[in-house]
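Sequences listed follow chains A and B, in order. The opening position of the first sequence corresponds to residue 7 in this note's numbering, with each subsequent residue numbered one higher. The opening position of the second sequence corresponds to residue 81 in this note's numbering, with each subsequent residue numbered one higher. In this text, a Cβ means the ideal position worked out from N, Cα and C, and glycines have one as well.
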Amino acid sequence: MALESFAPITALLVISFLVALLILFISRIFGPQRPSSRKAAPYESGMKPIGPAVRRLPVQFYLVAVLFILFDIEVIFFLPWAVIFRELAVYGLITMGIFTLILTVGLIYEWKSGALEWE
Amino acid sequence: MLASLFALLIFPAGLFVLVNGLAYHWIDRKLVARLQNRVGPRWFQPAADMVKLLANEEVLPTGVDARLFTALPVVALAGALAAMIYLPIAGLPPLYNFPGDLIVAVYLLSLLTLCTGLAGAISKDRFSIIGATRALTQLFSYEAPFLLALLGPAFAAGSWQINEIMAYTSSQWLILTQPVGFVVALIGLMGKLEMAPFDTPEAETEIVAGAMTEYSGRGLALFLLGREVELVGGLTLIAAFYLGGINNPFDYALKTLVLLLGVAGVQTLMTRLRIDQVVGLWWRYGALLALGQWLLLLGQRMGT
């Protein structure tokens, strides 16, 4: 695939950036600017924040992220295959079927081992 | 040159999408309000909100990286807008295409969530950080099933090019042959847009505004505009793939509005899910159903 097929998207990205920046500058010119230290304090319903903002998070968030990386990379393998499955014919279908089966078994194992329970 | 600049800036991409997004945002709010027996906002309410936000002062909170804080909403809106040139907005054929543009479009559409998560994570505010964690966790849960749901049409058409898939889906309605994919894609879009049952990342009653708590004025306006653009893009994509393609402006309006009605119905019927329920729902049922349908498609192909 030629590199110039990315030219329009690059052009539009640049234009969209410019439009968004224009919005920023227009409101910077016309909007009020009266900064104060109380106004810039982190939002805490009007109170002074106590303690650090970053606190410990449940480990399940981390687990979900790791599982996602595994699963998403496996899903990526479908992408090129969906285009050329006609050339691969029966061989491609069987191998991809086995791959999907392994993926599904992994998902069920993940479910049954309690990785999705948050208690 | 001038014609393509007009197409990129005004119609069908650019300004038209922004206006369309504001209109669809209003229709969505109005539908939900009417379904809940409220009166709902007037027709210019989203536009008035935007003008108000743009006229507001932007507060730069202490302790955040000013450049990143300002740049993130810009990137979010630019990404969502850039995806529009590959989509059949307003029933016109996509402005540009190349083999594999669907993947680029899906990537650009998920840029908004990534920017939201990052925006929350750089803030020194606990509501933002909780919101950012939830937003990214939600992204992790729906993204893979959503991709699998788009894989169905691409597989059936044997291409990742949006207009080739549309040429295929125009002849047959994929919602009839791949109903599971349609449901997963539509619910995935609602998760992407953080709509009612999936609005845990910005649950107003618990964490103020989630990742966007620290944003005010134009930064918030850009984020909200990005989300409205994404609403238009997502509805167009799903209508084009599952509801028999979009070939003229009438098709476009009718099919996306029908989808919007469905989305509003789900928003009204369901209450907010907890973040672990969101994860459980997607990983248990969303992914398995999408994979199951995928296996069925595969079997069908093997049969013929």
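- Looking from the CA of B/ILE209, the closest CA among B/ASP331, B/GLY197, B/PHE220, B/GLN218 belongs to B/GLY197.
- Against B/GLU137, the close residues of chain A are GLY37, PRO38, GLN39, ARG40, in the order they occur along the chain (beta-carbon pairs closer than 7 Å).
- The region 291-307 of chain B makes contact with the region 12-31 of chain A; the number of CB pairs closer than 8 Å reaches 3 or more.
- Residues of the region 350-368 of chain B whose Cβ lies closer than 8 Å to any Cβ of chain A, in chain order: ASP356, VAL359, GLY360, TRP363, ARG364, ALA367, LEU368.
- Just measuring C-alpha positions, the residue of A/GLU93, A/MET102, A/LEU19 sitting nearest B/LEU378 is A/MET102.
- For B/GLY325, the three-state secondary structure derived from DSSP is coil.
- The alpha carbon of B/LEU182 has as its nearest neighbour, out of B/THR193, B/MET164, B/MET130, the alpha carbon of B/MET164.
- Cβ-Cβ separation between B/GLY297 and A/SER33: approximately 7 Å, consistent with a contact (criterion under 8 Å).
- With a cutoff of 7 Å on beta-carbon distance, B/ILE202 and B/VAL144 are scored as near each other.
- When Cβ-Cβ separations below 7 Å define contact, A/PHE83 makes no contact with chain B.
- For A/ARG34, the enclosing alpha helix (DSSP H) starts and ends at 13-36.
- By the Cβ criterion, the region 101-108 of chain B is in contact with the region 306-320 of chain B, since at least three pairs of Cβ atoms, one from each stretch, lie closer than 8 Å.
- Between B/LEU192 and B/GLU310, the gap from beta carbon to beta carbon is short of 7 Å.
- Contact annotation: B/GLY313 and B/LEU152 have beta-carbon atoms that are not nearer than 7 Å.
- B/GLU294 is a Cβ neighbour of B/PRO141, given a cutoff of 7 Å.
- A/GLY52 and B/TRP106 have their alpha carbons spaced roughly 31 Å apart.
- Excluding sequence positions up to five before and after B/THR217, its CB lies within less than 7 Å of the CB of ILE355, VAL359, all in the same chain and listed in chain order.
- Using a Cβ-Cβ cut-off of 7 Å, B/LEU157 counts as an interface residue toward chain A, since at least one Cβ of chain A sits closer than that to its own.
- Using beta-carbon distances, B/LEU341 does not count as an interface residue toward chain A, since no partner is under 7 Å.
- Take B/ALA276, set aside five residues on each side of it, and the residues of its chain with a beta-carbon closer than 6 Å to its own are GLN347, in chain order.
- Per DSSP, the unbroken alpha helix (DSSP H) holding B/LYS110 starts and ends at 95-115.
- Around B/LEU161, the same chain offers VAL309 as residues with beta carbons nearer than 6 Å, after the five sequence neighbours per side are excluded.
- In chain A, no part has a C-beta under 7 Å from the C-beta of B/VAL260; the shortest such distance is about 14 Å.
- With a cutoff of 7 Å on beta-carbon distance, B/LYS204 and A/ALA59 are scored as near each other.
- Closest by C-alpha distance to A/PHE105, out of A/GLU116, A/ILE90, A/VAL81, is A/VAL81.
- A contact is defined here as three or more CB-CB pairs under 8 Å, and the region 326-334 of chain B fails this definition with respect to the region 82-89 of chain A.
- Near chain A, meaning a CB-to-CB distance below 8 Å, the residues of the region 183-195 of chain B are ILE183, VAL184.
- Taking 7 Å as the threshold, the shortest C-beta distance from B/PHE235 to chain A falls below it.
- Taking all protein chains shown into account, B/TYR365 has fewer than 16 neighbouring C-beta atoms within 10 Å of its C-beta and is therefore exposed.
- Burial is judged here by how many other beta carbons sit within 10 angstroms of a residue's own beta carbon; A/TYR68 has fewer than 16 and is exposed.
- Of B/ILE169, B/GLY345, B/PRO126, the smallest CA-CA separation from B/ASN117 is found for B/GLY345.
- Put simply, of B/PRO121, B/ALA87, B/LEU228 the residue whose alpha carbon is nearest the alpha carbon of B/ILE169 is B/ALA87.
- Per DSSP, B/TYR295 lies in no alpha helix (DSSP H) and is assigned neither H nor E.
- Annotated three-state conformation of A/VAL65 is helix, per DSSP.
- Judged by their CB atoms, B/VAL112 and A/ALA46 are not nearer to each other than the 7 Å cut-off.
- Residue-level contact check: B/ILE242 does not touch chain A, since none of the beta carbons of chain A fall below 7 Å from its beta carbon.
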